[in-house]
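At position 110 of the sequence shown the residue is numbered 110 (this note's numbering), and the sequence of numbers has no breaks.
Shown next, in structure tokens, is the structure this report addresses.
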Amino acid sequence: MCNRYVSTEAVDMECYWHIGARQAWRVAEVFPRTPGPFLRADRENQLGRELVIGQWGLVPWLARSPRLTYSTADLHPLMNRMHKTDPGLGPDQQDKRMVVPIELGDVDTWVNGLQEDVSVRVRFAPAAVFDAGPVAP
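Quick look at the structure:
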């Protein structure tokens, strides 16, 4: 009897990204310091990208890289309701970051681009993009 059940969605993903049983990703959620899928620049083709499975985690203090570009959620109609303001801190000291989805056409620039090219693509997504909102009473 086969002890490796694979759903049709997983088979499609394995075929498309050329991954197999030894690298299969079976986790429904990804948490820091656990294996998970991510895209990176292809090592052999600078214009390409590859899906790899690796350990997710926060950037260590010793890593030297440019500061990530992000926007606070203050002006977003959905995200600003998910953050509580700390009255003891100024507006520039609040940690109210939000996920900024990028367009599929911008992935190559995001993975291979310069900081200046990437910063231009960081913009708020319309609230309608998210499947979330207030709970009806």
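We treat Cβ as the ideally placed atom computed from N, Cα and C, and that holds for glycine.
These numbers come from a predicted model, not from an experiment.
Segment contact flag, the stretch 74-81 with the stretch 112-128, C-beta cutoff 8 Å, min 3 pairs: In this structure the stretch 74-81 touches the stretch 112-128; the number of beta carbon pairs closer than 8 Å is three or more.
Identify the residues that DSSP records as bridge partners of valine 52: which are they? Residue pairing of valine 52 in beta bridges, as defined by DSSP: Phe38.
Residue from Val107, Ile53, Arg121, Ala136 with nearest C-alpha to threonine 34: Comparing alpha carbon positions, the residue from Val107, Ile53, Arg121, Ala136 closest to threonine 34 is Ile53.
Cβ-Cβ distance between valine 111 and arginine 49 below 7 Å: At the C-beta level, valine 111 and arginine 49 come within 7 Å of one another.
Classify glutamine 94 as helix, strand or coil using the three-state DSSP reduction. In this structure, glutamine 94 counts as coil in the three-state DSSP scheme.
Reference leucine 104; option with closest CA among Leu39, Glu14, Ala132: Scanning Leu39, Glu14, Ala132 for the CA closest to the CA of leucine 104 turns up Leu39.
Does the distance from the CB of leucine 51 to the CB of tryptophan 17 come in under 7 Å? The answer is yes: Cβ separation under 7 Å.
Please report the distance separating the alpha-carbon of lysine 84 from that of aspartate 74. Going from the Cα of lysine 84 to the Cα of aspartate 74 covers about 10 Å.
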